[in-house]
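Per this note's numbering, the very first residue in the sequence shown carries number 2; after that it's consecutive. Reviewing the structure listed below.
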Amino acid sequence: MEDLLETVYASALEGHARLQTLEIISPSQTKRICSGYDDVALGLETGETVGFLASGMQVALPDLNESGQQLLTFAVENLTGEVQQGVDTALADGVPVDVIYREYLSSDLTAPAKPPNRFVLYDADFKDARAELTASFFDIIATAYPRERYTVQRFPAMKHIG
């Protein structure tokens, strides 16, 4: 399936259009959005079939670079106020908001054309019914090193007895 997707990237094959989707998962809700004019039921990689709401959507996938942070930026039209409220609350509380990006081919809507990309949302700007969101694969810059902390609770032999 990925070979066919690569061919579609290179040349517009008749009967095979790309369909981009986003799944925004906050603690209070999950919103599934697809590019296009019609709502559509799509198969997930888990085998489950779910509905995606049609929206004007622009996606800028991250560059492959060595900056330590690869960003996905996207703009979505017609988001309801409840999405904004859920995302704003989660970001203000420091709770992660997950974003899953999937691509489908119009000739096969039963599963994504390639494995999904998972991101964590870290910035959101809402203007009227438009959302401009920025997500990252993994924020290596803000990650502690070493990740494993050596504490007295986990390693009691470290405690100094005096």
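Beta carbons: idealized from backbone N, C-alpha and C, even for Gly.
Buried or exposed (CB count within 10 angstroms, at least 16 for buried), residue i
| i | result |
| --- | --- |
| residue 49 | exposed |
| residue 38 | exposed |
| residue 27 | buried |
| residue 75 | buried |
| residue 132 | buried |
| residue 42 | exposed |
| residue 154 | exposed |
| residue 136 | buried |
Residue range of the unbroken beta strand (DSSP E) whose run includes residue i
| i | result |
| --- | --- |
| residue 131 | 131–137 |
| residue 127 | 118–128 |
| residue 110 | Run containing residue 110: none; DSSP gives neither H nor E here. |
| residue 96 | It is not in any beta strand (DSSP E) - residue 96 carries neither H nor E in the DSSP assignment. |
Other residues of its chain near residue i: CB distance less than 7 angstroms, five sequence neighbours each side excluded
| i | result |
| --- | --- |
| residue 34 | 22, 23, 53, 54, 56, 58, 77 |
| residue 107 | 17, 18, 20 |
Cβ-based neighbour list, residue i, same chain, cut-off 6 angstroms, excluding 5 preceding and 5 following
| i | result |
| --- | --- |
| residue 125 | 88, 134 |
| residue 25 | 32, 100 |
| residue 29 | 87 |
| residue 127 | 85 |
| residue 129 | none |
Beta-carbon contacts of residue i that lie in its chain and below 8 angstroms, excluding the five residues immediately before and after
| i | result |
| --- | --- |
| residue 97 | 91, 121, 122 |
| residue 160 | 153 |
Report task. Please go through the segment 14–93 and give each complete alpha helix (DSSP H) segment of 4 or more residues, from N-terminal end onward. Result -> Fully enclosed alpha helix (DSSP H) runs of 4 or longer: 82–93.
Query raised in the report: So does the segment 114–122 actually touch the segment 91–98, counting three or more Cβ pairs closer than 8 angstroms?
Result: The segment 114–122 vs the segment 91–98: in contact.
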